[in-house]
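So the sequence shown is residues 1 to 479, counted in full-length UniProt numbering. Where is the CB? At the ideal position from N, CA and C, for every residue including glycine. Remember, predicted model here, so these are calculated numbers, not experimental data.
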Amino acid sequence: MPETIGFLKPRQAVLDRRREIIADLAELLPEGCLISDERGLKPFETDAFLAYRRLPLAVVLPETTDQVSAVLKYCSRYGIPVVPRGAGTSLSGGAIPQEDAIVVGLSKMSRILDVDLFNRTATVEAGVTNLNISEAVSAEGFFYAPDPSSQLACTIGGNIGMNSGGAHCLKYGVTTNNLLGVKMVLFDGTVIELGGKGLDAAGYDLLGLVCGSEGQLGIVTEATVRLIAKPEGARPVLFGFASSEAAGSCVADIIGSGIIPVAIEFMDRPAIEICEAFAHAGYPLDVEALLIVEVEGSEAEMEAMLRGIIEIARRHGVITVKESQSALEAALIWKGRKSAFGATGRVADYICMDGTVPLSQLSHVLRRTGEIVASYGLRVANVFHAGDGNMHPLILYNINDPKDAARAEAAGNDILKLCVDAGGCLTGEHGVGIEKRDLMRHQYSKNDLDQQMAVRAAFDPQWLLNPSKVFPLEGRPAA
């Protein structure tokens, strides 16, 4: 892809000291926790936002908070940029390094430290995967609610950095609504603890500030999260519509009626065909749009909610209504949805947008999204969290064709501007990263950005934690 997104110029003084820096880091860490050869660094040059790549100076894989502290203290002393990294599943370029940066990967910090079912909390290291938390407490009848599509791989540290959501965030909220406390290392090596097992804490809500800060305020090494009791039952239902606009209007009316399902997911025809070919989930192929609506509770509760939802769907001309009849059918329905990004990758390269819009604007934004992508001569597959208006248009293109790639990026920018202009925002769960960094000016005034940057600088005055991300490069305060 053409270099339309800039990076900060590497610090030559850091590059000149590369051998010395690597030798010093080797002294700070156990054997096997430092990567410095080109072949070993290659997997860390990008994340799931594959359009941009940079080979880092080195990668460290600490095993403890004390080791993270030692590395950050060293980097702070010598002015070396640091890029925190979880599993590298970021879709916004949040973990792409620079040539003069040390990547701090937390994959070795993968222990579940404490499960407290009485207080319904779990304390885990930042490298624990999202799904492992639920698996660890499933036998006891509990789960961890936020469930990004990448939950099999993504880590709780990365989820905190991007304030990740998932299909079930409509009812249970995103990461910030399920996070109770963190242990975090500041850039000077200081270790702090925010929050805890309690539901509230005195003082400023620094925990809320950290969640979604994209690794620019510090590196989270441990987290205490909320556990939720499993519902008595859950049932997903497929609804097929003759148009995306009809499906979008149906979503708005479901929420407007006061019915809150646990999830409402949307797919248009291209996404349906891609996911069905991969998962064989039984999705209808004769419709233009599909909703997956899941309700939960007792049988009587689920039945009452479904009857109300089906009645609303009929008012919008629903063509197909298919209720899951078994746990296997339910699992297949969700397999198709959860596999959407990977299944699309089998068909074409893509850029995944992450704008969020008011539900009343869903139909309008869906229509305009199709028009925008078509105007660039490209195709789009829409699959997203419809219940909270979190759009995920997948713009299909050829990454090996520079002109095609440039068109895809331009189309994505236009879609994100559309979301903001419709009363929404640039990101619902993927974060800003480098992908949306230069669009921040479209959503925020100079005064807004200045205030946000002042907060960031209070934690990292040198601006060395995850540089090149979130804020436009021009207009930043001098480090």
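DSSP state of residue i mapped onto helix, strand, coil
i, result
"Glu193", "strand"
"Pro81", "coil"
"Leu186", "coil"
"Glu222", "strand"
"Met453", "helix"
"Glu140", "helix"
"Met440", "helix"
"Asn130", "helix"
"Leu206", "helix"
"Thr176", "helix"
"Asp24", "helix"
"Cys154", "coil"
"Glu296", "strand"
"Ala263", "strand"
"Glu474", "coil"
"Phe7", "coil"
"Val68", "helix"
"Gly336", "helix"
Beta strand (DSSP E) segment containing residue i, residue limits
i, result
"His385", "Arg379 to His385"
"Glu323", "Thr320 to Glu323"
"Asp116", "Ile112 to Asp116"
"Ala122", "Thr121 to Glu125"
"Tyr52", "Looking at the DSSP string, Tyr52 is not in any beta strand (DSSP E), and its letter there is neither H nor E."
"Tyr350", "Asp349 to Cys352"
"Gly105", "Ile102 to Gly105"
"Gly32", "From DSSP, Gly32 is part of no beta strand (DSSP E); its letter is neither H nor E."
Contacting residues, own chain, Cβ-Cβ under 6 Å from residue i (five flanking each side not counted)
i, result
"Gly240", "Pro284, Val287, Leu290, Ile319 and Thr320"
"Asn119", "Lys197"
"Ala246", "His316 and Gly317"
"Val237", "Val293 and Glu323"
"Asp388", "Leu170"
"Leu332", "Ala281"
"Ile255", "Leu359"
8 Å Cβ shell around residue i - same chain, five flanking residues per side excluded
i, result
"Leu464", "Cys75, Ser76, Gly79, Ile80, Pro81, Val82, Phe187 and Ala479"
"Ala23", "none"
Boundaries of the alpha helix (DSSP H) in which residue i is found, first to last residue
i, result
"Met305", "Glu299 to Arg315"
"Ala58", "Segment Ala58 to Val60 is the beta strand (DSSP E) holding Ala58; no alpha helix (DSSP H) there."
"Val14", "Gln12 to Asp16"
"residue 488", "Given a span of 1 to 479 for the chain in the structure shown, any question on residue 488 remains unanswerable."
"Phe341", "Ala340 to Gly345"
"Cys275", "Arg269 to Ala279"
"Cys250", "Ser244 to Gly256"
"Ala374", "Leu362 to Ser375"
Beta-carbon proximity of residue i to residue j, cut-off 9 Å
i, j, result
"Gly370", "Val380", "yes"
"Leu57", "Gly32", "no"
"Val137", "Gly105", "no"
"Phe49", "Gly93", "yes"
"Asp114", "Gly88", "no"
"Gly212", "Thr190", "no"
"Leu55", "Leu41", "yes"
"Leu179", "Gly195", "yes"
"residue 480", "Glu296", "Outside the modelled stretch of the chain, which goes from 1 to 479, sits residue 480, for which no answer is possible."
"Leu117", "Phe142", "yes"
"Gly424", "Val470", "no"
"Val251", "Ile259", "no"
"Leu426", "Gly342", "no"
"residue 508", "Asn163", "It is not possible to answer for residue 508, since the shown part of the chain is limited to 1 through 479."
Other residues of its chain near residue i: CB distance less than 7 Å, five sequence neighbours each side excluded
i, result
"Pro10", "Gln98, Glu99 and Asp100"
"Leu378", "Ile395, Leu396, Tyr397, Arg407, Ala408 and Ala411"
"Ala454", "none"
"residue 483", "In the structure as shown, the chain starts at 1 and stops at 479, and residue 483 therefore has no counterpart that could be examined."
"Gln12", "none"
"Gly6", "Leu473"
For a minimum of 3 consecutive residues, which ranges assigned as the beta strand (DSSP E) are wholly contained in the region 381-433? 393-397
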